[in-house]
Each structure stands twice: as structure tokens, then as C-alpha cells.
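Those sequence lines, one after another, are chains A and G.
Just so you know, we're using the working numbering here: the first sequence kicks off at 317 and counts up by one.
Just so you know, we're using the working numbering here: the second sequence kicks off at 2 and counts up by one.
Backbone N, C-alpha and C fix where the C-beta goes; we use that ideal spot for every residue, glycine too.
The structure under discussion appears below in the form of C-alpha cells.
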Amino acid sequence: PCLQKNILYYFNED
Amino acid sequence: MLELRLVQGSLLKKVLEAVKDLVNDANFDCSATGFSLQAMDSSHVALVALLLRSEGFEHYRCDRNISMGMNLGNMAKMLKCAGNDDIITLKADDGSDVVTFMFESPTQDKIADFEMKLMDIDSEHLGIPEAEYHAIVRMPSSEFARICKDLSSIGDTVVISVTKEGVKFSTRGDIGTANIVCRQNTTVDKPEEATVIEMNEPVSLTFALRYFNSFTKATPLSNTVTLSLSSELPVVVEYKIAEMGYIRFYLAPKIED
Chain A
317 PCLQKNILYY FNED
Chain G
2 MLELRLVQGS LLKKVLEAVK DLVNDANFDC SATGFSLQAM DSSHVALVAL LLRSEGFEHY
62 RCDRNISMGM NLGNMAKMLK CAGNDDIITL KADDGSDVVT FMFESPTQDK IADFEMKLMD
122 IDSEHLGIPE AEYHAIVRMP SSEFARICKD LSSIGDTVVI SVTKEGVKFS TRGDIGTANI
182 VCRQNTTVDK PEEATVIEMN EPVSLTFALR YFNSFTKATP LSNTVTLSLS SELPVVVEYK
242 IAEMGYIRFY LAPKIED
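Written out as C-alpha cells, the structure is:
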């Protein structure tokens, strides 16, 4: 089972 | 006042075809640097970043930075009405709620203008840090598209592993498994046919294939694609747009639970 990471986990709002 | 004249209008047509299925609505930002877009897909798993530099336009007038919210499906519909050889000009007046696309045939015997309503889009702009990647793979974009298409008929996810042996794309599904290894190959007739692997350290990451298949809609924009992989970051799938800029897709990996 794999968990799909979210892009917001890596990049923050400017 | 905004006026951008793009002699190679087909580029903009191709850009829209590449992003319209991934993102529904997005803000196009216009500044002295160029015409750009950053948007996430609705599930916030993928992000697309586009830059068309101002120098790539025959005429580029952007009096002040503006952000224009557009429905990409509707924009694609309008741009489909432009011929492949047409010159495309985008025009918008300050404070206007519409954008005009003007299409000129190369011989100037047909001139069309299409006006599209703009929309207010509340989108967050993300900071994408400069990063060192564990591995960078450059390969023919058509080859990458073929691999993604082939593997998606077997499984839903792809494991991309880069070692000194090469880059391996693997999947598994109900009917079986598949592994495709591409080795570095720089002894080709044309540089765009080469597979070039720069590896600082081995890396292996798992991704949902359906996103890659969506990214490969950008294949007509570039003969080559670059995959930048790091175990701590989303993969970057970059298609360079000759003389103008790039379209980059970022995809968050799947992590073992």
C-alpha cells in the first residue's frame, strides 16, 4: 500500500 | 494594456493541449519577464509551471503586472480555431474582464478575433525552491510517452529507479509485471535522440502513471524531456519550449505506508 503525497507537503505558499 | 504577439502561434495551441486536462481554471500572469502560469490539479498532487519569456514574442507590451483568470478548456476551444501557421496576438485592456485572441493567417488574408470572458480565480502561488536532484535523466520525449502509455496498460503506478546501469521504469498489475530499462546512449546521430543520465546518487520513486500520461500531452512542444528526481521532492518533468521557456510538471510521489 502506497500513500499519495500532496504537492503542498513539499512547496509552501509564496 | 496588454498586447502579446506570438508569430509561432502553434506553440500556444500546443501549450493549451498540454495543460487543459490537468487543470480546469488558472491565472495567467503577465509581467516584464514573460507570460506564465502556475497551477495545481484539483487533487493537489501535480503542479504545472509554464513560462513563455517576453523575448520570445515578436511584440510584447505589458504596462503593469496582471493576472488573468481563464478556464483552460474554454481557452483551448478558442485556440483550436487558430490555424497552425497563424500568428496569435493576445490583447487585454486594463481592468477589462475579457481577453481577445487575434489570429492572423501568414499571408494576412484572414484575420479573426475571439473574445473570451475572464474569471476571478482564487489560487495560491507556491514557492518552488531551487534544489539539487539525485538524478537527472534526459531522453527523447516520444520515448518517454511510449513508456508511460505501455506501462499504463499493465499497472497504475510506475517505479522509476536510476542507478549507474540506467533508468528503469517498472510497473505491476493484475495481469503481470513490466520493466523497461533505458541505458545512457549518447552515440546517436542527433543529440535529441540521446538518453543522458546524470546521477549523483541512486534514487527510486513511485508515481501514479495517469499523471505522467497527462504530462506527455506536452510531447509536441519538445523533442526531449528531462526528469529530475530526488527522494525528498516531487519529480520534475520538463519540456523546454525552444527559444521561449518551458513547461514543467511537478508530481508528488507515492510513499510506502
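Judged by beta-carbon spacing, G:K169 lies beyond the 7 Å limit of G:V159, meaning their Cβ atoms are not closer than that value. Straight-line spacing of the CA atoms in G:P141 and G:T227 works out to 9 Å. Under the Cβ criterion of 7 Å, G:E239 is not counted among the residues facing chain A.
In terms of Cβ geometry, G:L210 and G:D175 do not form a close pair [threshold 7 Å]. Under the 7 Å criterion on CB atoms, G:K81 is classed as non-interfacial with respect to chain A. The beta carbon of G:D94 sits closer than 7 Å to the beta carbons of M2 from its chain, once the five residues preceding and following it are set aside; these are given in chain order. In this structure, G:N85 is the residue among G:N85, G:L51, G:M245 and G:S229 with its C-alpha nearest to the C-alpha of G:F104. For G:R184, there is no enclosing beta strand (DSSP E), as DSSP marks it with neither H nor E. Our two residues, G:M71 and G:S229, have alpha carbons roughly 29 Å apart in a direct line.
With fewer than 16 neighbouring CB atoms inside 10 Å of its own CB, G:S32 falls in the exposed class. With respect to G:I155, G:T172 sits close: the two C-beta atoms are nearer than 7 Å.
Taking a cut-off of 8 Å for Cβ pairs, the stretch 36-49 of chain G and the stretch 239-250 of chain G touch, as three or more such pairs fall below it. G:T178 and A:E329 have their alpha carbons spaced roughly 39 Å apart. Taking G:E116 as the centre and dropping the five residues before and after it, the same chain places the C-beta of V99 and T101 closer than 7 Å to its C-beta, in chain order. The stretch 62-88 of chain G contains, as complete beta strand (DSSP E) runs of 3+ residues, the segments 67-72 (chain order).
With a cutoff of 7 Å on beta-carbon distance, G:A195 and G:T187 are scored as near each other. Excluding the 5 residues flanking it on each side, G:I88 has same chain C-beta neighbours closer than 6 Å at V8, G10 and E105, in chain order.
In terms of Cα proximity to G:P221, the closest of G:R6, G:L12, G:E4 and G:L5 is G:L12. Residue-level contact check: G:M76 does not touch chain A, since none of the beta carbons of chain A fall below 7 Å from its beta carbon.
Under the Cβ criterion of 7 Å, G:M41 is counted among the residues facing chain A.
Each residue's CA atom was taken as its position, placing G:S215 and G:T108 some 35 Å apart.
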